[in-house]
Amino acid sequence: MDNAISIITNNLNSENFEKCTFSSPRSKSDELKSLVVYKVQSSQELKVEYRYKKHNDIKTVKKIDFINNELPNFLAGFKQCHLKSSNEDIQILINSKLKSKVVFSTGSTKVSKKHNKTKKYLIPDGVVCPFLIEIGVMDKYGKVKTNYYKKFRQINRFLEMVDDLYKNEEVDSLHAVDFGCGKSYLTFALYHYFENIKKIRIQITGIDLKEEVISHCNEISRKLHFSGLKFVHGFIHDFTTDDDVDFVVTLHACDTATDDAILFSLRNKAQKMMFVPCCQHELNKQLSSRESEVLLKHGIFRERMTSLVTDTMRAQLLEACGYKVQSMEFIDLEHTAKNILLRCNFIDRSGSQREEKLQQYLEFKKEWSISPYLEKCLYEEKFIR
Ligand SMILES: C[S@@+](CC[C@H](N)C(=O)[O-])C[C@H]1O[C@@H](n2cnc3c(N)ncnc32)[C@H](O)[C@@H]1O
6 MDNAISIITN
16 NLNSENFEKC
26 TFSSPRSKSD
36 ELKSLVVYKV
46 QSSQELKVEY
56 RYKKHNDIKT
66 VKKIDFINNE
76 LPNFLAGFKQ
86 CHLKSSNEDI
96 QILINSKLKS
106 KVVFSTGSTK
116 VSKKHNKTKK
126 YLIPDGVVCP
136 FLIEIGVMDK
146 YGKVKTNYYK
156 KFRQINRFLE
166 MVDDLYKNEE
176 VDSLHAVDFG
186 CGKSYLTFAL
196 YHYFENIKKI
206 RIQITGIDLK
216 EEVISHCNEI
226 SRKLHFSGLK
236 FVHGFIHDFT
246 TDDDVDFVVT
256 LHACDTATDD
266 AILFSLRNKA
276 QKMMFVPCCQ
286 HELNKQLSSR
296 ESEVLLKHGI
306 FRERMTSLVT
316 DTMRAQLLEA
326 CGYKVQSMEF
336 IDLEHTAKNI
346 LLRCNFIDRS
356 GSQREEKLQQ
366 YLEFKKEWSI
376 SPYLEKCLYE
386 EKFIR
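Here it is as structure tokens:
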């Protein structure tokens, strides 16, 4: 229980603390059903609401007395404690032997079994970051706004993946393209990461079919003096450039738009790619397998299997084109089901290795009776033979 006491004490003493709820009394006959502890103006005090079966009582108590005298009793008397602060949520379960288990934590702080341990983000909370302020994720003092925490974590998670991809690279400048950039949280983050954290001269082009979104993003880019970041209105399919492209990002672009981004990357000999596919309508209609008929007859299973088959097909075809492909979870599943990220690095496989990868792909496609757009284009443009 010491672990629980130290987590709760740290939380009560933190300026981010909002409230702490003890619930599920250990004894059913207990009159006290739950207890809620709130922050008050004075940092030395707390407001405690005692919720009895038939009435409620509210008292203001000295924080030190609550921690020393009452907290151990409440932890012994209740099976659950929920801590809420502006940057994290923690659920603590206490069993009948008074052993505690931290079962749930979100926000900037990950709770280890032993102690509170602050996770180091590439862009930290509490440090002014102009682009995050501009897009509304941080306040002007550098504090991440509570309702933007998921976004903040997603941005950092994305940058960690990019950081890992570039950890062994020694380059002075890069050209990246972000297809289907949308509101461009991640595009701005990418620019900030290369330009300000890695000190690599970066030129990024964001492309999206929504004209208004593009002009808004260009406005923000100008405001931030991100001179190497521009946004272009158009379709992924139509976009061409004469410049070399090193890195292509496509996050959540719909259906075969991801395939168009892959084709662009191959035509422009992009060294690296990262993409998170979105809806995969194309193969949903095609998928058929006698052995898996029982699975595919259920709409929801078919949809999930389609995603897996589409991701596998793209990964295998990219391996046949010379890339090393890693699949990983972009963000926790609680946020979105579309969370598989494929990270690709061109390693120039030998001809025989590519041939082997292609044969594996052909076997795989036969199993699912698919004939994907990407494969057709790769044959047409002779990326595979
Ligand atoms: C779900 S949003 C994702 C935005 C951003 N990449 C992210 O992950 O936060 C998908 C974006 O892709 C754009 N998009 C979809 N298909 C496209 C295409 N064929 N050409 C250009 N943009 C496309 C949409 O307009 C939308 O803004």
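Residue numbers (the working numbering): 6 to 390. A virtual CB, placed ideally from N, CA and C, is assigned to each residue, including glycine. Here the structure is a predicted model, which is why all the values come from computation and not from measurement.
Top-ranked residue by Cα proximity to residue 289, from 270, 316, 279, 273 | Against the sequence shown, residue 289 aligns to sequence position 284. When only C-alpha atoms are compared, the closest one is 316.
Ignoring anything shorter than 3 residues or poking outside the stretch 278 to 361, list the beta strand (DSSP E) runs there in chain order.
-> 328 to 334, 345 to 351
Express the C-alpha separation of residue 8 and residue 119 in angstroms, rounding to a whole number.
-> By 1-based counting over the sequence shown, the position of residue 119 is 114. By 1-based counting over the sequence shown, the position of residue 8 is 3. Only weak support is given to the placement of residue 119: the predicted model assigns it a pLDDT of 43, under 50, and the value that follows is read from those uncertain coordinates. Their Cα atoms are separated by approximately 6 angstroms.
Would you list, in sequence order, the uninterrupted beta strand (DSSP E) runs of no fewer than 3 residues that lie entirely inside the stretch 174 to 202?
-> 178 to 184
Residue 58 versus residue 335 - alpha carbon distance | Walking along the sequence shown from the start, residue 58 turns up at place 53. Walking along the sequence shown from the start, residue 335 turns up at place 330. Straight-line Cα distance between these residues: approximately 45 angstroms.
Can the beta-carbon of residue 366 be found closer than 7 angstroms to that of residue 320?
-> Within the sequence shown, the letter at position 361 stands for residue 366. Within the sequence shown, the letter at position 315 stands for residue 320. Between residue 366 and residue 320, the C-beta gap is not smaller than 7 angstroms, which leaves the two residues out of contact.
With a Cβ-Cβ cutoff of 7 angstroms, do residue 211 and residue 183 count as a contact?
-> One-based indexing of the sequence shown puts residue 211 at position 206. One-based indexing of the sequence shown puts residue 183 at position 178. Against a cut-off of 7 angstroms, the Cβ pair of residue 183 and residue 211 comes out as a contact.
Would you list the residues sitting across from residue 57 in a DSSP beta bridge?
-> Locating residue 57 in the sequence shown gives position 52, counting from the first residue. 37, per the DSSP bridge assignment.
Residue 346: beta carbon under 6 angstroms from a heavy atom of ligand 1?
-> Counting from 1 along the sequence shown, the entry for residue 346 is found at position 341. Answer for residue 346: no, Cβ out of range of ligand 1.
Where do the ends of the alpha helix (DSSP H) carrying residue 82 lie?
-> Against the sequence shown, residue 82 aligns to sequence position 77. 76 to 82 is the extent of the alpha helix (DSSP H) around residue 82.
Using three-state DSSP, classify residue 28 as helix, strand or coil.
-> Mapped onto the sequence shown, residue 28 falls at position 23. Residue 28: strand per DSSP, three-state reduction.
Euclidean distance between Cα positions of residue 277 and residue 174 = Position 272 of the sequence shown, counted from the first residue, corresponds to residue 277. Position 169 of the sequence shown, counted from the first residue, corresponds to residue 174. Just so you know, the alpha carbons of residue 277 and residue 174 end up roughly 11 angstroms apart.
Residue range of the beta strand (DSSP E) that includes residue 206 = Against the sequence shown, residue 206 aligns to sequence position 201. Looking at the DSSP string, the run of the beta strand (DSSP E) that includes residue 206 is 206 to 213.
Going by DSSP, what residues sit across from residue 238 in a beta bridge?
-> As a first step, residue 238 is located in the sequence shown; it is residue number 233 there, counting from the start. According to DSSP, residue 238 bridges with 213.
Residue 259 beta carbon near ligand 1 (any heavy atom closer than 6 angstroms) | Numbered from 1 along the sequence shown, position 254 holds the residue referred to as residue 259. Because some heavy atom of ligand 1 lies under 6 angstroms away, the Cβ of residue 259 counts as near it: yes.
Backbone CA spacing between residue 125 and residue 224 [nearest angstrom] = If you number the sequence shown from 1, residue 125 lands on position 120. If you number the sequence shown from 1, residue 224 lands on position 219. For residue 125 and residue 224, the distance between alpha carbons rounds to 31 angstroms.
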